[in-house]
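One structure below.
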Amino acid sequence: MADVLGTAGAELVAGRPVLLLDDCADVPTGVLLVAAERVDARAMAFLVRESSGIVCVAMTGERLDALRVPPLAARDAGPLTSAFGVAVDLKDGITTGISARDRALTVRALADPATRPADLVRPGHVLPLRARGGGVLERARPAEAAVELCTSAGLAPAAALATAVDEAGEVAGPAALAALAERAALPVVRVSQVVAARRRATPLLRAGASATLPTAHGVFRALGYAGDGAEHLALARGDLTGPAPVPVHVHTECVAGDVLGSLRCTCAARLDAALAAIDAAGRGVLVYLRTRAAPGVGPVHALRGCAVPGADTAALAAHVLRDLGVRSALLLGEDPGDGAGLPASGIAVAGHRPLLATPAADAG
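According to full-length UniProt numbering, the sequence shown holds residues 1 to 364 in order.
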């Protein structure tokens with residue numbers, strides 16, 4: 001993965017385009033991007049030719065505010081929506097503003113820290129796109145991924161973007177994107193790869209207190225982790241370092257099952273079986289992930305059924321496992337897909353072992 005991102009960064013530094021696959025969206029698309037500070041007329045012509053002609057510039061909110069570029073919409077419509085700004089043109093040095101040369105000059109001006117609000121006219125032909133301040137960890141979409149790719153390459157945090165289309169003018173599908181990448185010799189980067197790299201580089205949690213915890217299945221080291229709005233727990237036993245797979249169970253908090261012994265789910269049975277399996281192996285980790293309550297959702301709501309793991313479950317679990325020295329995991333649980341996200345966060349999955357002899361489907 002590092003090679004893919006490194007190759008893409010080198011292309012961006014050289015002013016050449018990269019194909020970014022938005023594989024985190026419900027409908028995957030391909031976005032062509034060029035580092036804003038390196039865009040020239042040739043690169044801009046390529047973006048226009050291979051797209052519908054609409055070129056955006058993903059950039060930080062701080063830079064857009066400094067340039068006094070107002071939002072296109074009156075308010076943000078939600079966490080996954082695109083926050084476009086009013087289209088702009090460079091005030092001096094261009095003609096109509098629509099040519100590849102003119103748009104390239106405008107894009108470069110947006111990336112230039114010397115550009116001032118008075119250097120731009122509104123409306124224009126280049127559409128700014130506000131990337132979220134938290135980057136791909138806040139919103140895993142092309143705008144944030146493009147800004148992070150440019151920043152990682154040592155470039156200004158701004159990128160020219162255009163959604164790729166096929167010969168019929170429709171949004172390009174997988175086959176058309178593969179053909180485009182081959183024809184134009186484009187490096188291909190997935191948004192999920194940028195997310196994974198950022199997660200590895202950015203601590204999601206911080207280690208807290210630790211204690212010795214005697215249980216019915218022996219003594220465990222209990223370690224606390226916090227940092228995402230909730231406090232999580234790891235119960236560890238034995239030497240967890242080295243290449244050998246470590247038995248691991250990732251358990252999402254379930255008040256009804258874990259605390260009250262509800263018969264509507266098998267959470268309590270899985271929790272007990274996981275501790276027993278780790279005890280039998282003499283080593284292993286149980287990662288207990290707490291859930292963050294949504295506004296207006298009280299504890300009674302949790303009694304209706306067991307909790308549903310969030311999208312960041314794998315990233316949180318991987319952070320805990322890496323902190324404990326785990327490199328490869330033998331997953332303990334009923335669903336082999338539970339650890340699907342661990343490899344992307346740096347933890348290899350060596351296999352899967354069911355916990356319950358006759359697992360029952362949760363009724364909640």
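Cβ coordinates follow ideal geometry from the N, Cα and C atoms, glycine included.
Between P70 and G85, the beta carbon gap of about 7 Å places them in contact (Cβ cut-off 8 Å). Here the alpha carbon of T151 sits roughly 47 Å from the alpha carbon of A276. With respect to V165, V126 sits apart: the two C-beta atoms are not nearer than 8 Å. In chain order, D89, G124 and H125 place their CB closer than 6 Å to the CB of G97, counting only its own chain and leaving out the 5 sequence neighbours on each side.
Using a Cβ distance threshold of 8 Å, L155 and L12 count as a contacting pair. By a beta-carbon distance limit of 8 Å, L21 does not contact L32. Their separation comes to about 11 Å. Proximity to L72 across R206, R122 and P247 peaks at R122, based on C-alpha coordinates. Bounds of the alpha helix (DSSP H) holding L271 are C267 to A281. A straight line joining the alpha-carbon of E253 with that of A36 spans about 45 Å.
A distance below 8 Å between beta-carbons, with the five flanking residues on each side excluded, links D102 to the following residues of its chain, in chain order: D89, L90, I94, T95, T96 and H125. The alpha-carbon separation between V27 and S210 amounts to approximately 43 Å. For V259, there is no enclosing alpha helix (DSSP H), as DSSP marks it with neither H nor E. Nearest neighbour of L289 by Cα position, chosen from H319, R264 and G261, turns out to be H319. Classified as exposed, P113 has fewer than 16 neighbouring CB atoms from the shown chains inside 10 Å of its CB.
One Cα belongs to L355, the other to V171, and the distance between them is close to 45 Å. With a minimum length of 4 residues, the unbroken runs of alpha helix (DSSP H) contained wholly in the segment 15 to 84 fall at 41 to 49 and 61 to 66.
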